[in-house]
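Everything on this sheet refers to the single structure shown next.
Protein chains: 2
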Amino acid sequence: MQSMRVQTGATQQAIVTTAGKAFCFAEGLELPGFSMRFDRDEEIFGEGESADFVYMVVSGAARGFRILSDGRRQITGFHLPGDVFGMETRGDHRSSAEAIVDSEIALVRRSAVDRAADADGAAARQLWALTAGDLDRLRDHMMLLGRKCAAERVGSFLLEMARRAPAEHGTQLPMSRSDIADYLGLTIETVSRTLTQLERDRAISIRSARCIVLHDRTALGVAD
Amino acid sequence: MQSMRVQTGATQQAIVTTAGKAFCFAEGLELPGFSMRFDRDEEIFGEGESADFVYMVVSGAARGFRILSDGRRQITGFHLPGDVFGMETRGDHRSSAEAIVDSEIALVRRSAVDRAADADGAAARQLWALTAGDLDRLRDHMMLLGRKCAAERVGSFLLEMARRAPAEHGTQLPMSRSDIADYLGLTIETVSRTLTQLERDRAISIRSARCIVLHDRTALGVAD
DNA sequence: CGTCCCCTTGAGTTATTTCAACACTCGTGG
DNA sequence: CCACGAGTGTTGAAATAACTCAAGGGGACG
Numbered sequence: 001m002q003s004m005r006v007q008t009g010a011t012q013q014a015i016v017t018t019a020g021k022a023f024c025f026a027e028g029l030e031l032p033g034f035s036m037r038f039d040r041d042e043e044i045f046g047e048g049e050s051a052d053f054v055y056m057v058v059s060g061a062a063r064g065f066r067i068l069s070d071g072r073r074q075i076t077g078f079h080l081p082g083d084v085f086g087m088e089t090r091g092d093h094r095s096s097a098e099a100i101v102d103s104e105i106a107l108v109r110r111s112a113v114d115r116a117a118d119a120d121g122a123a124a125r126q127l128w129a130l131t132a133g134d135l136d137r138l139r140d141h142m143m144l145l146g147r148k149c150a151a152e153r154v155g156s157f158l159l160e161m162a163r164r165a166p167a168e169h170g171t172q173l174p175m176s177r178s179d180i181a182d183y184l185g186l187t188i189e190t191v192s193r194t195l196t197q198l199e200r201d202r203a204i205s206i207r208s209a210r211c212i213v214l215h216d217r218t219a220l221g222v223a224d
Numbered sequence: 001m002q003s004m005r006v007q008t009g010a011t012q013q014a015i016v017t018t019a020g021k022a023f024c025f026a027e028g029l030e031l032p033g034f035s036m037r038f039d040r041d042e043e044i045f046g047e048g049e050s051a052d053f054v055y056m057v058v059s060g061a062a063r064g065f066r067i068l069s070d071g072r073r074q075i076t077g078f079h080l081p082g083d084v085f086g087m088e089t090r091g092d093h094r095s096s097a098e099a100i101v102d103s104e105i106a107l108v109r110r111s112a113v114d115r116a117a118d119a120d121g122a123a124a125r126q127l128w129a130l131t132a133g134d135l136d137r138l139r140d141h142m143m144l145l146g147r148k149c150a151a152e153r154v155g156s157f158l159l160e161m162a163r164r165a166p167a168e169h170g171t172q173l174p175m176s177r178s179d180i181a182d183y184l185g186l187t188i189e190t191v192s193r194t195l196t197q198l199e200r201d202r203a204i205s206i207r208s209a210r211c212i213v214l215h216d217r218t219a220l221g222v223a224d
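In structure tokens:
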């Protein structure tokens, strides 16, 4: 396996342990890149940085977020294995991203993405569809943030995670209560209380803080 | 001027009063289409309908929104003259859109959009950038919905409208309090009370319900 | 076995909602 | 020209969902 030194952002420099791989961004869309390891809570890219790369989770998980000057944080999305993130059509990143747990992240140079889009109309279409899919999911999340009560927010979140991160013995939640709260527009106390209440209602079982079993999907009380 | 009959959706049929025009979707991206008039509160397209057209506001204003089965509504965005909306990469519309006031809307066939994207890489890039721009604005709005208090939401909204719909004698608000509330994730009463309070604080003047003058942009108390 | 971090629980507070009444604006028709 | 009515916006008072502050619990790890 090769090893190379890359400049990934304004400040960061890293030893890349895998080089010359191709990563599947979508059905029939393979892009050349390399993968990097990020520790838990390590920044992947920051708001305002030049968007020289596009990212995909290989293993682990990441959070995308924005922060107000007074520290309030809104998590715009969780990125799980296979998810592409950090793709900008303009020059700079408008949000930040961090690893939630120790993760392996694929990096593809933006120039390579642009080249693929220019060379192949179908590839361009696929990349556009990735962005459009994000837009669609964000509109759903706007409904959650603007119009759903705490119980519905937590219920919707559990259903989303159950769909995206199915595991053998219950749904795994790689993120902390604080991450969940900042994703759902709630406080950690409200998230915790709501989960406890859902367990009392026999809608879920909390095997541990990071592992939940969904029993009764209708009892989650999620409107649609 | 020509006149033609078009099937615009599952049910609607309309007399088109302008045909054969080209509409500017972005810098150097002109697409052939026609324009139609929509009355106040008339549906432009509905959730689940086949997305056969892409739309642009010529004059007037539109709202994009989603509704839960129990009637709760979240407005995902307001569309003002020049704004493109209803562009889907998949087959169906995932949100609805209605005219806020009597409006003239340009319709471009999706097939024409696809053709332009296939033929010209630069056009494809522009269309992708339109979607990416929407995504970016939605992320800002998520911060508003998830983490800002009522006063900040209304303040941010006024700044947004002042930027997008500048007028001679104050900012025009084509939409009702109910629309504003459903955009900001508040109730109409809270929107109304907050505007009154902002006027007491001398941050704005309410010339009429639909026309506001911004005095002191810092007094709007909008964090960033 | 202790310490740290995260999570949970409790009690009191508050921002926003809910419910209800009233005010304004703008057409329409007498 | 004024009365009327419908739709829209404002205001008040009470209710409540979620937040804040504070303390305690439990698991992971050295």
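Chains as they are written, first to last, in the numbering used here: chain A, 1 to 224; chain B, 1 to 224. Positions of the beta carbon are idealized from the N, C-alpha and C atoms, including for glycine. Predicted model only: the values in this text are computed from it and were never measured.
Per-residue DSSP class, three states only, for residue 4 (chain A): On the first sequence, residue 4 (chain A) is found 4 positions in, with the first residue counted as 1. At residue 4 (chain A) the pLDDT is 45, less than 50, meaning the model places this residue with poor confidence; the figure from the coordinates comes in the next sentence. Three-state DSSP puts residue 4 (chain A) in a strand.
Tell whether a beta-carbon distance below 8 Å holds between residue 113 (chain B) and residue 135 (chain B). Position 113 of the second sequence, counted from the first residue, corresponds to residue 113 (chain B). Position 135 of the second sequence, counted from the first residue, corresponds to residue 135 (chain B). No, the pair does not count as a contact, with Cβ atoms beyond the cut-off.
Ends of the beta strand (DSSP E) at residue 218 (chain A)? Within the first sequence, residue 218 (chain A) is the residue found at index 218, counting from 1. First-last for residue 218 (chain A): undefined, no H or E at that position.
For residue 220 (chain A), decide whether its Cβ has a neighbour in chain B, counting only Cβ atoms nearer than 8 Å. Position 220 of the first sequence, counted from the first residue, corresponds to residue 220 (chain A). Judged by the 8 Å Cβ criterion, residue 220 (chain A) is not in contact with chain B.
Compare the C-beta of residue 76 (chain A) with all C-beta atoms of chain B and state if any pair is closer than 8 Å. Here residue 76 (chain A) refers to the residue found at position 76 when the first sequence is read from its first residue. Residue 76 (chain A) counts as touching chain B.
Straight-line CA distance for residue 48 (chain B) to residue 95 (chain B)? By 1-based counting over the second sequence, the position of residue 48 (chain B) is 48. By 1-based counting over the second sequence, the position of residue 95 (chain B) is 95. So the alpha carbons of these two residues sit roughly 8 Å apart.
Interface flag, residue 8 (chain A) vs chain B, CB-CB below 8 Å: Here residue 8 (chain A) refers to the residue found at position 8 when the first sequence is read from its first residue. Note on residue 8 (chain A): pLDDT 46, under 50, position unreliable in the model; the coordinate value appears next. It does not: the Cβ of residue 8 (chain A) has no partner Cβ on chain B nearer than 8 Å.
Buried or exposed, going by whether 16 or more other CB atoms sit within 10 Å of the CB of residue 218 (chain B)? For this step, residue 218 (chain B) is matched to residue 218 along the second sequence. Its Cβ having fewer than 16 others within 10 Å, residue 218 (chain B) is exposed.
In chain B, which residues lie with their C-beta within 8 Å of the C-beta of residue 224 (chain A)? Mapped onto the first sequence, residue 224 (chain A) falls at position 224. Near residue 224 (chain A) (Cβ distances below 8 Å), the residues of chain B are 68, 69.
Do the region 198-212 of chain B and the region 138-149 of chain B meet, that is, are 3 or more Cβ pairs less than 8 Å apart? no
Hey, would you say residue 202 (chain A) sits closer than 8 Å to residue 215 (chain A), going by beta carbons? The count along the first sequence starts at 1 and reaches residue 202 (chain A) at position 202. The count along the first sequence starts at 1 and reaches residue 215 (chain A) at position 215. Cβ distance < 8 Å, so residue 202 (chain A) and residue 215 (chain A) count as in contact.
8 Å Cβ cut-off: residues of chain A touching residue 134 (chain B): By 1-based counting over the second sequence, the position of residue 134 (chain B) is 134. The answer, in chain order, is 135.
Just list the alpha helix (DSSP H) runs in the region 118-142 of chain A, keeping only unbroken ones of 4 residues or longer that don't cross its boundaries, in chain order. none
Report the neighbours of residue 175 (chain B) on chain A: residues whose CB is nearer than 9 Å to its CB, in chain order. Position 175 of the second sequence, counted from the first residue, corresponds to residue 175 (chain B). The contacting residues do not exist; residue 175 (chain B) stays about 15 Å from chain A at best.
Can you name the residues of chain A whose CB is closer than 8 Å to the CB of residue 178 (chain B)? Looking up residue 178 (chain B) in the second sequence gives position 178. What residue 178 (chain B) touches in chain A: nothing, since even the nearest Cβ is about 13 Å away.
Between the C-alpha atoms of residue 30 (chain B) and residue 21 (chain B), what's the straight-line distance to the nearest angstrom? Position 30 of the second sequence holds residue 30 (chain B). Position 21 of the second sequence holds residue 21 (chain B). So the two alpha carbons sit approximately 10 Å from each other.
With which residues is residue 36 (chain A) paired in a DSSP beta bridge? Position 36 of the first sequence, counting from 1, holds the residue named residue 36 (chain A). Its beta-bridge partners are A:105.
Would you kindly report the start and end of the unbroken beta strand (DSSP E) that includes residue 63 (chain B)? What you label residue 63 (chain B) is simply residue 63 of the second sequence in a count that begins at 1. Unbroken beta strand (DSSP E) run through residue 63 (chain B): 62-67.
Chain B contacts from the region 79-104 of chain A (Cβ-Cβ distance under 9 Å): 87, 88, 89, 90, 94, 95
Amino acids of chain B, ordered along the chain, whose beta-carbon sits closer than 7 Å to that of residue 141 (chain A): On the first sequence, residue 141 (chain A) is found 141 positions in, with the first residue counted as 1. What residue 141 (chain A) touches in chain B: 142.
With a threshold of 8 Å, are at least 3 pairs of Cβ atoms found where one atom belongs to the region 75-92 of chain A and the other to the region 115-125 of chain A? no
From this set, B:137, B:55, B:69, which residue's C-alpha is nearest residue 104 (chain B)'s C-alpha? By one-based count along the second sequence, residue 104 (chain B) stands at place 104. When only C-alpha atoms are compared, the closest one is B:55.
Taking 8 Å as the threshold (beta carbon to beta carbon), is residue 131 (chain A) in contact with chain B? In the first sequence, counting from the first residue as 1, residue 131 (chain A) sits at position 131. With 8 Å as the cut-off, residue 131 (chain A) counts as an interface residue toward chain B.
Return the Cβ separation of residue 192 (chain B) and residue 177 (chain B) in integer angstroms, given the expectation that the two are a contact with Cβ distance under 8 Å. Position 192 of the second sequence, counting from 1, holds the residue named residue 192 (chain B). Position 177 of the second sequence, counting from 1, holds the residue named residue 177 (chain B). That belief holds up - the Cβ atoms of residue 192 (chain B) and residue 177 (chain B) are roughly 6 Å apart, short of 8 Å.
Using beta carbons (cut-off 8 Å, strictly below), is residue 124 (chain A) in contact with chain B? For the purposes of this step, residue 124 (chain A) is taken as residue 124 along the first sequence, with counting starting at 1. Chain B, which has a Cβ nearer than 8 Å to the Cβ of residue 124 (chain A), makes this yes.
Residues of chain B with a CB under 8 Å from the CB of residue 138 (chain A): which are they? As a position in the first sequence, residue 138 (chain A) is number 138, starting the count at 1. Per Cβ cutoff of 8 Å: 135, 138, 139, 142.
Residues in the region 112-123 of chain B with C-beta within 8 Å of chain A's C-beta atoms, listed in sequence order? 117, 118, 121
Starting from residue 177 (chain A), trace the alpha helix (DSSP H) in both directions and tell me its first and last residue. The count along the first sequence starts at 1 and reaches residue 177 (chain A) at position 177. Looking at the DSSP string, the run of the alpha helix (DSSP H) that includes residue 177 (chain A) is 177-184.
Selection of the region 142-174 of chain B by Cβ proximity to chain A, strictly under 7 Å: 142, 143, 145, 146, 147
Burial state of residue 224 (chain A), where buried means 16 or more other Cβ atoms lie within 10 Å: In the first sequence, the residue the question calls residue 224 (chain A) occupies position 224. The residue in question, residue 224 (chain A), is exposed, as its Cβ has fewer than 16 Cβ neighbours within 10 Å.
From the DSSP output, which residues share a beta bridge with residue 43 (chain B)? In the second sequence, residue 43 (chain B) corresponds to position 43, counting from 1. BP columns for residue 43 (chain B) point to B:98.
Alpha carbon to alpha carbon, what distance is there between residue 118 (chain A) and residue 14 (chain A)? Reading the first sequence from its first residue, position 14 is the one you call residue 14 (chain A). Reading the first sequence from its first residue, position 118 is the one you call residue 118 (chain A). With a pLDDT of 48 at residue 14 (chain A), under the threshold of 50, the modelled position of that residue is not reliable, and the figure given next carries that caveat. Computed Cα separation, rounded: 30 Å.
In whole angstroms, give me the CA-to-CA distance for residue 130 (chain A) and residue 84 (chain A). Position 130 of the first sequence, counted from the start, is the residue given in the question as residue 130 (chain A). Position 84 of the first sequence, counted from the start, is the residue given in the question as residue 84 (chain A). Whole-angstrom Cα-Cα distance: 8 Å.
Assigned secondary structure, residue 30 (chain A) (DSSP; H/G/I helix, E/B strand, else coil): The residue you call residue 30 (chain A) lines up with position 30 of the first sequence. It is a strand residue.
From A:147, A:189, A:36, residue whose alpha carbon lies closest to that of residue 108 (chain A): Taking the first sequence and counting its residues from 1, the one referred to as residue 108 (chain A) is at position 108. When only C-alpha atoms are compared, the closest one is A:36.
Leaving out the 5 sequence neighbours to the left and right, which residues in its chain are closer than 8 Å to residue 75 (chain B) when beta-carbon positions are compared? The count along the second sequence starts at 1 and reaches residue 75 (chain B) at position 75. Excluding sequence neighbours, residue 75 (chain B) sits near 63, 64, 65, 179, 182, 183.
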